[in-house]
Structures are given as C-alpha cells and as structure tokens.
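This report concerns only the one structure given below.
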Amino acid sequence: MQKPSSVVYVWHHEYTKESDSFIPTESRNEMVHSLIESYGLLDKMNVVSPRQATMDDLKAFHSPDYLERLNSSPNDPLASEDDDEYGLGYDCPKKDGIMTYCLRVAGGTTTAAKLLGSGICDVAIHWLGGWHHAKRSNASGYCYVNDCVLGIIVLREKFERVLYIDLDLHHGDGVEEAFAGTGKVATLSLHKYEPGFFPGTGSLVDNGFGKGQNYSINVPLLDGIKDSNYINTFDKIFPTLVENFEPDAILCQCGADGMNEDPMRSFNLTQRSLVHCVKQILKVKLPTLLTGGGGYNSANTARCWASVTAAVASECLSEDVPEHVFFTRYGPHFELSIPEGMRKDLNSEEYLEEVVENVLKTVKKMKSKGL
Ligand SMILES: [Zn+2]
48 MQKPSSVVYV WHHEYTKESD SFIPTESRNE MVHSLIESYG LLDKMNVVSP
98 RQATMDDLKA FHSPDYLERL NSSPNDPLAS EDDDEYGLGY DCPKKDGIMT
148 YCLRVAGGTT TAAKLLGSGI CDVAIHWLGG WHHAKRSNAS GYCYVNDCVL
198 GIIVLREKFE RVLYIDLDLH HGDGVEEAFA GTGKVATLSL HKYEPGFFPG
248 TGSLVDNGFG KGQNYSINVP LLDGIKDSNY INTFDKIFPT LVENFEPDAI
298 LCQCGADGMN EDPMRSFNLT QRSLVHCVKQ ILKVKLPTLL TGGGGYNSAN
348 TARCWASVTA AVASECLSED VPEHVFFTRY GPHFELSIPE GMRKDLNSEE
398 YLEEVVENVL KTVKKMKSKG L
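Numbering (our numbering), first residue to last: 48 to 418.
Structural data, given as structure tokens:
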C-alpha cells in the first residue's frame, strides 16, 4: 500500500554493497543505508528496487564508442591503448564489473525519474547516484556515467522544464555542459572555485550559450564557507530562480564533500546547510529527485544524507546514533550532528553580495516559459 508521504527510496542491497568498491571511500554507501535503516526511516518511505539500465538507456547521453571502451576488459591491452582519451585511468580506472556498476547507478536514477514522471511519488531519493562529472565521451572525477543527465532526460519525457541544483563541493560540469545549449533545463551549481581546484570550470560568467544563454547559473565560492553564509546565499538566489524559470520538476545533487572533516578539506559545512536547501526545494512542491554525489568521509556523508532523508520524510532524528553494524565508525562522540569546521571563511560579505548580485542579473534574463 502506498504511504501517504509519497516518498520513494530507491535501493537495492546488492547494488549498494557492490557500489562501494567503485568509490574511493570505505563502505560509504552501505553506511548511508544502514544509518537510514537504523533510524527507522525505511518505514516512512516506499522502498523501491531499481530496474538496471540497458546500454541503450546509457546511449541517451553517452557516445557508443565511449560505452564500448568502458565495456572492454581492463585486461585487454589492445582495448586499453587510448583509454586516456576517454578519461579511463587515474581517478576513473577500468575495473572488472564496471559496466554492471554503471548500469545499476544509471538504472537507480532513471527508475526514480520514471516514478516521478508516472506520478507515483512526489519525491524520489537515490543516494547511489549523483555522478555529475561524466561527459558524453569521458569519465571524470570518479564518474563513469552521468546518471544526473540521464535522469533529467527521463524527467523531460513528462516535464517540460527541469531545474538541476548541484550542492556538491565541486562544479556540476558534466550536467551543465550537457544542457548548456537549451533553455529547457536550467542548472544551478554552488561550488568551490579556486585556481587549480577540480574541475576548474563554473565561473560566474559561464552562463550557457545559444538558446541556453542565461540558463547555466554558477555560484563560485571560496574555502571555508560556513552554514550561515551558504544558507543565506542559497536563499537569496533560489526563489528568484524558481520565479523566473518556472520549472516543472527538480533534480538536486546533494554531494556531501563540502561537509566539515571531509578529506577535501575545503568548506566548513554541516548537514544543516543541505537539509535547509532541500527543505526550501520541497516547499516549491514540484516532483523532486534527490541524488547523492561526492562525500569522502563515510560517517559524515551518512550523517548528512540520513538527515536529509529524515527531512524529506518529515521525521526528527535522535541526536544519539542508534546502535547498528557500523556504530563504531561514528566515534568518538557517536552523535548525528557534524560539528562546524573552524577554518577561516574566505567568503567575505562583500564577495558574496557581489556574486549574488551578478547571479540574479543573469537569472532575471531567463525568459519564463520561453524557448
Ligand atoms: Zn564533489
């Protein structure tokens, strides 16, 4: 029977366990799910097993030659000759089972998008997704297939205008690039933007092109941003963006690598920022798909996404992490709240005001219901 909250949680035991061997963070996805389960949140949502994507599904965005290369054996020297051209090496090495992993990640996000399109739910969560750096013919930054782009393509079968919001520490370059030439998909990315920091794109003046001019919105932030500045910045932009773009559906990538204590050592955020942004997004009452993304401190990523899940399910969580299989990983304080970092916040009031002012100028040039 459908639960009244109409929240779908896309999850599969085997996919979750397997996915952890393709990300650089020990047991992260298992820890996320276990924490959500231990807080009793699975009883508050409709848990749905995803359909695995097909190669044809991936071809909705990715090029056949890239997929062929991705599908070739990592032990075949002939097939590996120019893997570098496809980004397959360094942080995206080819591994046994990579294609199955990709089909499952993509299948989870597209399953969530289909459920939203069919009206079965209002919100769909897929924490294994959010691999926003992958390009049409390139793997990049731990991302082999861009499930966000594939999810948006599926959403657009039912919804005319889709708003993509990227809360990851890194710029959502793959998604922005995929839709930079259309006014049907608007992208908003809040990210660290400093010389030499991956992926190096996402400046204030990168706003799309052609029919997509002014529909790519970038909010470049500096090291050390804390919750209050992050939340204020989001709140000054998001309502105006919704008013001007008038989306029909939203996909939000909730990367947790901006959390304090992440090995990226960049922002000072706690889960309060992401919970706040997601609550604001839900207030708009549009079909909403939430994915994961970065997050390289497993316990804090689990704390963050369990807190977001609770917010979506309108539940309050106890501050004491429940005893469960990964309990010892939450020491020494065993509490749900991530402490805010103490790094200096380099985002001055003047800097953020200037960024917001410029962003709003671009947002106001969007033609509602146009293009
Ligand atoms: Zn990231």
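Cβ coordinates follow ideal geometry from the N, Cα and C atoms, glycine included.
Closer than 7 Å: histidine 109 CB and nearest ligand 1 heavy atom: Histidine 109: no, Cβ never under 7 Å from ligand 1.
Supposed close pair alanine 233, phenylalanine 314 - CB separation, criterion 8 Å: Taking 8 Å as the upper bound for CB-CB distance, alanine 233 and phenylalanine 314 are not in contact here, some 24 Å apart.
Specify, as a first and last residue, the run of the beta strand (DSSP E) that cysteine 195 falls within. No beta strand (DSSP E) holds cysteine 195; the alpha helix (DSSP H) holding it covers 194-202.
Whose C-alpha, out of Asp194, Glu84, Ala353, Glu397, is nearest the C-alpha of isoleucine 385? Of Asp194, Glu84, Ala353, Glu397, the residue nearest in Cα terms is Ala353.
Does DSSP put histidine 173 in a helix, in a strand, or in coil? When DSSP states are grouped into helix, strand and coil, histidine 173 belongs to the strand group.
Near ligand 2, which residues have their beta-carbon less than 5 Å from any of its heavy atoms, given in chain order? Ligand 2 is absent from the structure shown, which contains only ligand 1.
Grouping DSSP H, G and I as helix and E and B as strand, with all else coil, what is lysine 239? Residue state, collapsed to three classes: strand.
What residues are listed by DSSP as bridge partners for methionine 306? Among the bridge pairs identified by DSSP, methionine 306 is matched with Leu316.
Contact defined as beta carbons within less than 8 Å: I believe histidine 180 pairs with aspartate 213. What is the distance between those atoms, to the nearest angstrom? Under the criterion of beta carbons closer than 8 Å, histidine 180 and aspartate 213 do not qualify as touching, at roughly 11 Å.
DSSP three-state label for lysine 408, please. Assignment of lysine 408 by DSSP, reduced to helix, strand and coil, places it in the helix class.
Does leucine 407 have its Cβ less than 8 Å from a Cβ in chain B? Judged by its chain identifiers, the structure shown contains no chain B, having just a single protein chain.
Rank Asn265, Glu115, Gly388 by C-alpha distance to the C-alpha of proline 47 and give the top, closest one. Residue 47 lies beyond the range of the chain shown here (48 to 418); nothing can be said about it.
Check leucine 298 in the structure and name its three-state DSSP category. If DSSP states are grouped into helix, strand and coil, leucine 298 belongs with the strands.
Excluding the 5 residues preceding and the 5 following valine 325 in the sequence, name in chain order all residues of the same chain whose CB lies nearer than 8 Å to its CB. Only residues of its own chain outside the window of five on either side were considered, and among them Cys299, Cys301, Leu337, Val355, Ala358, Val359 have a CB closer than 8 Å to the CB of valine 325, listed in chain order.
Buried or exposed: where does cysteine 139 fall if 16 or more other Cβ atoms within 10 Å of its Cβ makes it buried? With 16 or more Cβ atoms within 10 Å of its Cβ, cysteine 139 is classed as buried.
With C-beta atoms as the reference, is proline 97 less than 8 Å away from threonine 158? When the beta-carbon positions are compared, proline 97 and threonine 158 come within less than 8 Å of each other.
According to the Cβ coordinates, are glutamate 382 and glutamate 366 closer than 8 Å? In contact: glutamate 382 and glutamate 366 (Cβ atoms closer than 8 Å).
Just curious, the beta strand (DSSP E) that asparagine 93 is in, first and last residue? Taken as a continuous stretch (DSSP letters only), the beta strand (DSSP E) holding asparagine 93 covers 93-95.
Can the beta-carbon of isoleucine 272 be found less than 8 Å from the beta-carbon of leucine 288? In this structure, leucine 288 does not lie closer than 8 Å to isoleucine 272 by Cβ.
Going by DSSP, what residue range makes up the alpha helix (DSSP H) through serine 263? Per DSSP, serine 263 lies in no alpha helix (DSSP H); the unbroken beta strand (DSSP E) holding it starts and ends at 263-268.
Identify every residue that forms a DSSP beta bridge with alanine 160. Among the bridge pairs identified by DSSP, alanine 160 is matched with none.
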